[in-house]
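Quick note, the sequence shown lines up with residues 1 to 414 if you use the UniProt record's numbering. Worksheet for the structure shown next.
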Amino acid sequence: MKICHFTNYWPELHDIWGGAERACQRTVDQLSARGIINEVFTLPAGKKPPSGVNFISTFEDILPGWLKRICRNFKLLIYPFDPHVYFSCLRFLRQIKPDVVHLHNANILSFAVLAAAKTLRIPVVQSIYDYWFFCPQEMLMKKDGGICQEYQGACCADCYEFGRFGFIKKLLIKFRKSIFDHFLRQIDSFLVLSESSKIILIDYGIKNEKIEVIHQPVNVEAKQVDYSQMQKGLILFVGWKTRRKGLHILLQALKQLPEAKLVAIGKEIDADYLKMIKDYIADNGLGNKVDMLTRVSQEELENYWRKANLVVVPEQWENMSPLVLLEAMSFGRAIVASWVGGLPEFIEDGKSGLLARYNDPADFAAKISRILKEPALAENLGRKAQEQIASLGNVDRFVGQQVKLYEKVILNAQ
Numbered sequence: 001m002k003i004c005h006f007t008n009y010w011p012e013l014h015d016i017w018g019g020a021e022r023a024c025q026r027t028v029d030q031l032s033a034r035g036i037i038n039e040v041f042t043l044p045a046g047k048k049p050p051s052g053v054n055f056i057s058t059f060e061d062i063l064p065g066w067l068k069r070i071c072r073n074f075k076l077l078i079y080p081f082d083p084h085v086y087f088s089c090l091r092f093l094r095q096i097k098p099d100v101v102h103l104h105n106a107n108i109l110s111f112a113v114l115a116a117a118k119t120l121r122i123p124v125v126q127s128i129y130d131y132w133f134f135c136p137q138e139m140l141m142k143k144d145g146g147i148c149q150e151y152q153g154a155c156c157a158d159c160y161e162f163g164r165f166g167f168i169k170k171l172l173i174k175f176r177k178s179i180f181d182h183f184l185r186q187i188d189s190f191l192v193l194s195e196s197s198k199i200i201l202i203d204y205g206i207k208n209e210k211i212e213v214i215h216q217p218v219n220v221e222a223k224q225v226d227y228s229q230m231q232k233g234l235i236l237f238v239g240w241k242t243r244r245k246g247l248h249i250l251l252q253a254l255k256q257l258p259e260a261k262l263v264a265i266g267k268e269i270d271a272d273y274l275k276m277i278k279d280y281i282a283d284n285g286l287g288n289k290v291d292m293l294t295r296v297s298q299e300e301l302e303n304y305w306r307k308a309n310l311v312v313v314p315e316q317w318e319n320m321s322p323l324v325l326l327e328a329m330s331f332g333r334a335i336v337a338s339w340v341g342g343l344p345e346f347i348e349d350g351k352s353g354l355l356a357r358y359n360d361p362a363d364f365a366a367k368i369s370r371i372l373k374e375p376a377l378a379e380n381l382g383r384k385a386q387e388q389i390a391s392l393g394n395v396d397r398f399v400g401q402q403v404k405l406y407e408k409v410i411l412n413a414q
């Protein structure tokens, strides 16, 4: 079996990558270990790609900087079809002749990859890591922080920041749903990471029989839990420093926790949000309680996992399965997570972690304080979390489900 994977970015190759890209990499690694041939296509980077990873450029790459930004923004917002990517994919796919095309977070490459695959009658699987397909903000969150169930169309004008050429974008946004639905109907199968995500897709209008739930694989066997390394009062946050990841909620909770210190690790990609965060830290005298780190090595990150008294995952959107949650569970850490999206499917409140109201700093503070004051509780929650993810993220089961899905779409395409 031969699979072609498409992703915007690739870990360690690009400067920007996150949980979705790591999930793609894990999928490729696990399939390759079982003898399945994989080829990866991603955007050009300033480094030499490893074996099996190929670069594919976009139409806007040939444009000057200001026009490139306008073109890419229009593509992501209104019309996700890149003619340059389409013809490049036709050439690559004819050469490789894959059995399946697997799309990951590939919105910059656009639906042109899908169109090329369908032209050549190759079945397509689409992994869902966020909700860009149904919401230009990717989060299904309203401006006031509430959950959006209207999806996309004219309603997006109320909360999307249109910026440059806003009037034109507001006129065009009403056509987004019909354009996206045209492409979505051509996808053979959608792969989601949680049951809550499946429910959202069905509610949007995707057929139930086209959706498969497959949990991400997690290797727990190599991670020995040693609570003697745990530093009392150390809270760990890992994730991009953006509003949807909820660092601001955690900082408001931290203000109520005099015994705690926070280490926040993650890329800083939103200048306005970062300024707000730093201003809040300074204005509330939290400077000596917060360490803000960007990228750290894998070895350094693993050391932080082991030292953390607990890990907080304050997601502010319908995230189906944040990779940081699975990692924290695999290291046997006590977790306080948002009661939103797919998180409650992985954390059983009071048994394998504690859940807090996603937009309530006081509730987060109360749950965090409880764990910090009870070392035995931190250990018990951590052990239960590791046991739970060892079952949910079983590697052999993941590979079996993935191969079965590929076989299914191949058979249906014949």
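By construction, the Cβ of each residue, glycine as well, lies at the ideal position given by its N, Cα and C atoms.
L184 has its alpha-carbon roughly 50 Å from the corresponding atom of E259. If you look at N54, you'll find it in the beta strand (DSSP E) that goes V53 to F55.
Less than 8 Å separates the beta-carbon of L354 from that of K367. Linking E39 to I3 through their CA atoms gives a straight-line distance of about 6 Å. DSSP, read as helix, strand or coil, puts T294 in coil.
For the pair N284 and K307, the Cα-to-Cα distance works out to about 26 Å. Assigned with DSSP and collapsed to three states, C135 falls in coil, not helix or strand.
For D363, the secondary structure class from DSSP, reduced to helix, strand or coil, is helix. Note that the region 285 to 297 does not touch the region 308 to 316; fewer than 3 beta-carbon pairs, one per stretch, sit closer than 8 Å.
With fewer than 16 other CB atoms across the displayed protein chains lying within 10 angstroms of its CB, W66 is exposed. When only Cα atoms are considered, A112 and I249 end up about 38 Å apart.
Secondary structure within the region 322 to 370: the beta strand (DSSP E) runs of 3 or more consecutive residues, fully enclosed, are 335 to 338 and 354 to 356 (chain order). For the pair N8 and L103, the Cα-to-Cα distance works out to about 10 Å. When rounded, the separation of the alpha-carbon atoms in A413 and R72 is 32 Å.
Going by DSSP, N394 is part of no beta strand (DSSP E) at all; its letter is neither H nor E. Ranked by Cα distance from L257, the options A117, K275 and S369 are led by S369. In terms of CA proximity to W305, L326 leads the group F81, Q316, G350 and L326.
In the three-state reduction of the DSSP assignment, A20 falls in the helix class.
Within the model, the alpha-carbon separation for I108 versus Q229 is close to 42 Å. Rounded to the nearest angstrom, the Cβ distance from L392 to H215 is 5 Å, consistent with a contact under 8 Å. Within its own chain, the residues whose Cβ lies closer than 7 Å to the Cβ of I281, once the five positions on either side in sequence are excluded, are L251, G287 and V290, listed in chain order.
Separation of V340 and Y358 (C-alpha to C-alpha, rounded to the nearest whole angstrom) is 6 Å. The criterion of a C-beta distance shorter than 8 Å is satisfied by F134 and Y204. With a contact defined as Cβ atoms closer than 8 Å, E315 and K245 qualify at about 7 Å. Shown here for Q25: same chain residues with a beta carbon closer than 6 Å to its own, the five before and five after excluded, namely P11 in chain order. The DSSP-derived three-state label of T42 is strand.
Judged by DSSP in its simplified three-state form, F6 adopts strand. Assigned with DSSP and collapsed to three states, H215 falls in coil, not helix or strand. Of F92, A362, W317 and I147, the smallest CA-CA separation from L343 is found for W317.
For S189, the enclosing beta strand (DSSP E) stretches over residues S189 to V192.
Residue state for S110 is assigned as coil, using DSSP reduced to three classes. Setting aside the 5 residues that flank it on each side, L13 is surrounded in the same chain by T42, A45, K47, P49, P50 and V53, each with a C-beta closer than 8 Å to its C-beta; the list follows chain order. Using a 10 angstroms sphere on the CB of I269, the tally of other CB atoms stays under 16, which defines it as exposed. With respect to the 8 Å criterion, S197 and M320 are classified as neighbours on the basis of their beta carbons. Going by beta carbons, F364 and V324 fall outside the 8 Å limit.
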